[in-house]
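Chains A and B supply the protein sequences, listed in that same order. Quick note on this note's numbering: the first sequence kicks off at 5 and runs consecutively. Quick note on this note's numbering: the second sequence kicks off at 11 and runs consecutively. Backbone N, C-alpha and C define an ideal beta-carbon position, used for all residues, glycine too. Quantities reported herein were computed from a predicted structural model and do not represent experimental measurements.
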Amino acid sequence: MTDLEKAQQSADRVATVLDPAYLFPDYTSTVLRSPSKALVMPPAGLSELTGPTFGSGDVRDTDADLTVHGSGEAIGERIIVHGTVRDSYGKPVRNTLVEVWQANAAGRYIHKVDQHPAPLDPNFVGAGRCLTDEQGHYTFTTIKPGPYPWRNHTNAWRPAHIHFSLFGRAFTQRLVTQMYFPGDPLFFQDPIFNGVRDEAARKRLISSYDHSATRPEWALGYRFDIVLGGAARTPMEES
Amino acid sequence: MTEPIPPTFVYEVTDVPASEGVTPWQTVGPYFHYALPYDSGPQVAGSSRPGAFTLHGCVYDAEGRPIPDSLVEIWQADESGRFVDEPGIFEAPAPDGFRGFGRCDTDADGHYAFTTVKPAGVPTENGAEQAPHIAMSVFARGMLRRVVTRVYFDDEASANASDPLLSSVEASRSATLVAASEDGGYRFDVRLQGADETVFLDVAAH
Ligand SMILES: [Fe+2]
Numbered sequence: 005m006t007d008l009e010k011a012q013q014s015a016d017r018v019a020t021v022l023d024p025a026y027l028f029p030d031y032t033s034t035v036l037r038s039p040s041k042a043l044v045m046p047p048a049g050l051s052e053l054t055g056p057t058f059g060s061g062d063v064r065d066t067d068a069d070l071t072v073h074g075s076g077e078a079i080g081e082r083i084i085v086h087g088t089v090r091d092s093y094g095k096p097v098r099n100t101l102v103e104v105w106q107a108n109a110a111g112r113y114i115h116k117v118d119q120h121p122a123p124l125d126p127n128f129v130g131a132g133r134c135l136t137d138e139q140g141h142y143t144f145t146t147i148k149p150g151p152y153p154w155r156n157h158t159n160a161w162r163p164a165h166i167h168f169s170l171f172g173r174a175f176t177q178r179l180v181t182q183m184y185f186p187g188d189p190l191f192f193q194d195p196i197f198n199g200v201r202d203e204a205a206r207k208r209l210i211s212s213y214d215h216s217a218t219r220p221e222w223a224l225g226y227r228f229d230i231v232l233g234g235a236a237r238t239p240m241e242e243s
Numbered sequence: 011m012t013e014p015i016p017p018t019f020v021y022e023v024t025d026v027p028a029s030e031g032v033t034p035w036q037t038v039g040p041y042f043h044y045a046l047p048y049d050s051g052p053q054v055a056g057s058s059r060p061g062a063f064t065l066h067g068c069v070y071d072a073e074g075r076p077i078p079d080s081l082v083e084i085w086q087a088d089e090s091g092r093f094v095d096e097p098g099i100f101e102a103p104a105p106d107g108f109r110g111f112g113r114c115d116t117d118a119d120g121h122y123a124f125t126t127v128k129p130a131g132v133p134t135e136n137g138a139e140q141a142p143h144i145a146m147s148v149f150a151r152g153m154l155r156r157v158v159t160r161v162y163f164d165d166e167a168s169a170n171a172s173d174p175l176l177s178s179v180e181a182s183r184s185a186t187l188v189a190a191s192e193d194g195g196y197r198f199d200v201r202l203q204g205a206d207e208t209v210f211l212d213v214a215a216h
């Protein structure tokens, strides 16, 4: 099979499983913001198979603890969120940047366009970042975010979630997603979560309660493992 | 803003366990501004680097309205085709330095702008030559995943003519991948949907 045939075959495969699709009308604002034409598969080029790398200069230790940036304690249920970042071959992705942001315990973001009439917490900003370690593992300490209303449909509420942004080793592996909590009663009406139509794939977005990560008299643990799609040009040190 | 739709949809929630596989995308949402953009994000190259220019444009929706709450990222080689492998994205590049990565949120007019340089053409994985280009991602509320495209340059006509991607796209659409030279740099608009929709790429399956 030629490279072109391989690429076309793989384009067909991906076209049928693009999930979430761009257009999901239940999520109203996808209607005018979704590409309507088929994606084009470019030849695998080095611009996409490489990406920025990260070092200790990118993060401070306190960036991974979202609860310590005020003059007092952040309000809410303190939690530890951790997991391992792997590529689609199961290899840990180390020293990669993980950025998170979230609402506070009352469901309010420190953001000028968030008009939800819930209190801000002067001791909680809700943004953090860290690098994965040599085993691809990351850990954040934060506050469990509250659900919040939005205007997509009547009486619409977002399930509690933490936004995640990851780079992986290459432009191809970039991922922006949201982590949810087990048993959230709001899943049944959320078109963002349900925009992932494959139910078993959608369930990958739900963290699991992890008692082994729970710290006595301090914080509850949740585990959220992440798998990045896309290839990277494997650096020498990784082979 | 579209009217809220009545809750005609109810999604079934069952005990199906998660399957093994790649973590799905979710939208970046409307509230990323205090977390993701940073001051030096638009500085891919230092402004006094020889050849530095402004790469800018607007992101538009299906009705041609600018999108004020999107995030644009780019990644590229330098003038010699080298990709930066020194770690770090948050520190500004030196005045004549180069970082390779940029991040810029769009303003009220849907406008983004980077300071960068034109990369040398870098080959495909199989060694085929490609015209100079920059890899670009756009994220926004209302997009359940990013869109990916490439920024080529209109003053590279002969390299563009033999570029494998540009020549594989129908002629009527390939122009959406080419930035227009102007005083001080290049303009590259992104149109998410419509007759002049930008060509978007699938890079996840490589
Ligand atoms: Fe959110």
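Does residue i get closer than 8 Å to chain B when you measure Cβ to Cβ?
i, result
"A/Asp65", "no"
"A/Lys148", "no"
"A/Lys41", "yes"
"A/Ile196", "yes"
"A/Trp161", "no"
"A/Met5", "Because A/Met5 carries a pLDDT of 47, less than 50, the predicted location of this residue cannot be relied on, and the following value inherits that uncertainty. Chain B, which has no Cβ nearer than 8 Å to the Cβ of A/Met5, makes this no."
"A/Ile272", "Outside the shown range of chain A, which is 5 to 243, sits residue 272 of chain A, and nothing can be said about it."
"A/Tyr113", "yes"
Whole-angstrom Cβ separation of residue i and residue j, contact assumed at under 8 Å?
i, j, result
"A/Thr88", "A/Arg173", "That pair is no contact at about 15 Å."
"B/Ala167", "B/Val132", "19 Å between Cβ atoms; not a contact."
"A/Ala83", "A/Thr146", "The sequence shown places Ile at residue 83 of chain A, not Ala. With a Cβ gap of about 6 Å, A/Ile83 and A/Thr146 count as contacting."
"B/Asp173", "B/Ser191", "17 Å between Cβ atoms; not a contact."
"A/Asn127", "A/Glu77", "6 Å"
"B/Glu89", "B/Gly61", "7 Å"
"B/Thr125", "B/Thr64", "6 Å"
"A/Cys134", "A/Asp229", "Wrong, their Cβ atoms sit about 15 Å apart, outside the cutoff."
Beta carbon of residue i: closer than 7 Å to some heavy atom of ligand 1?
i, result
"A/Arg107", "Here residue 107 of chain A is Ala; the residue named in the question, Arg, does not match the sequence. Yes, Cβ of A/Ala107 sits closer than 7 Å to a heavy atom of ligand 1."
"B/Gly31", "no"
"A/Arg162", "yes"
"B/Arg41", "The amino acid at residue 41 of chain B is misidentified as Arg; the sequence shows Tyr. Checking the Cβ of B/Tyr41 against ligand 1 gives yes."
"B/His143", "no"
"A/His244", "The question about residue 244 of chain A has no answer here: the residues shown for chain A are numbered 5 through 243."
Would you tell me roughly how many angstroms separate the C-alpha atoms of residue i and residue j, rounded to the nearest one?
i, j, result
"A/Phe175", "A/Leu53", "6 Å"
"A/Val35", "A/Pro29", "6 Å"
"A/Tyr31", "A/Val44", "25 Å"
"A/His120", "A/Pro149", "14 Å"
"B/Gln53", "B/Pro103", "7 Å"
"B/Thr186", "B/Val200", "8 Å"
"B/Pro34", "B/Phe42", "19 Å"
"A/Pro163", "A/Gln182", "10 Å"
"B/Gln140", "A/Ala25", "29 Å"
"B/Ala118", "A/Leu190", "32 Å"
"A/Glu9", "A/Asp118", "Only weak support exists for where A/Glu9 lies, its pLDDT of 47 falling under 50; the coordinates are left without a value."
"A/Pro96", "A/His115", "34 Å"
"B/Asp21", "A/Val104", "What sits at residue 21 of chain B in the sequence shown is Tyr, not Asp. Their Cα atoms are separated by approximately 27 Å."
"B/Tyr48", "B/Gly110", "15 Å"
"B/Arg197", "B/Ala145", "15 Å"
"A/Arg17", "A/Pro186", "The pLDDT assigned to A/Arg17 is 42, lower than 50, so where the model puts this residue is not dependable; a value taken from the coordinates is nonetheless given after this. C-alpha separation (whole angstroms): 31 Å."
"A/Val72", "A/Gly130", "11 Å"
Does any residue of chain A bring its CB to less than 8 Å from the CB of residue i?
i, result
"B/His143", "yes"
"B/Tyr162", "no"
"B/Ser29", "yes"
"B/Ala214", "yes"
"B/Tyr21", "yes"
"B/Ala45", "yes"
"B/Asp95", "yes"
"B/Thr3", "An answer regarding residue 3 of chain B cannot be provided, because it is not within the stretch 11 to 216 covered by chain B."
"B/Glu192", "no"
"B/Asp49", "no"
"B/Val127", "no"
Let me make sure I understand the geometry here. Which of the options has the alpha-carbon closest to that of residue i?
i, options, result
"B/Phe19", "A/Val85, A/Ile196, A/Phe171", "A/Ile196"
"B/Ala150", "B/Phe63, B/Ile77, B/Ile84", "B/Ile77"
"A/Gly234", "A/Phe228, A/Ala68, A/Tyr93, A/Ala122", "A/Tyr93"
"A/Asp137", "A/Asp202, A/Ile79, A/Val63", "A/Val63"
"A/Leu232", "A/Thr158, A/Asp194, A/Arg90, A/Ala122", "A/Arg90"
"B/Ala28", "A/Gln193, A/Tyr184, A/Asp65, A/Asp194", "A/Tyr184"
"B/Ser184", "B/Gly195, B/Tyr196, B/Arg160", "B/Arg160"
"B/Asp79", "B/Tyr122, B/Asp95, B/Thr116", "B/Thr116"
"A/Gly61", "B/Arg75, B/Pro97, B/Cys68, B/Phe93", "B/Pro97"
"A/Glu203", "A/Phe192, A/Phe228, A/Ser212", "A/Phe192"
"B/Ala55", "B/Val82, B/Gly74, B/Glu30, B/Val127", "B/Val127"
"B/Gly152", "B/Asp206, B/Ala169, B/Asp25, B/Asp71", "B/Asp71"
"A/Gly59", "B/Val158, B/Val179, B/Glu101", "B/Glu101"
"B/Pro143", "B/Arg59, B/Asp206, B/Leu176", "Checking the sequence, you will find His at residue 143 of chain B rather than Pro. Comparing Cα-Cα distances from B/His143 to each of B/Arg59, B/Asp206, B/Leu176, the minimum goes to B/Leu176."
Establish whether the CB of residue i and some CB of chain C are separated by less than 8 Å.
i, result
"B/Phe198", "Among the protein chains of the structure shown, namely A and B, there is no chain C."
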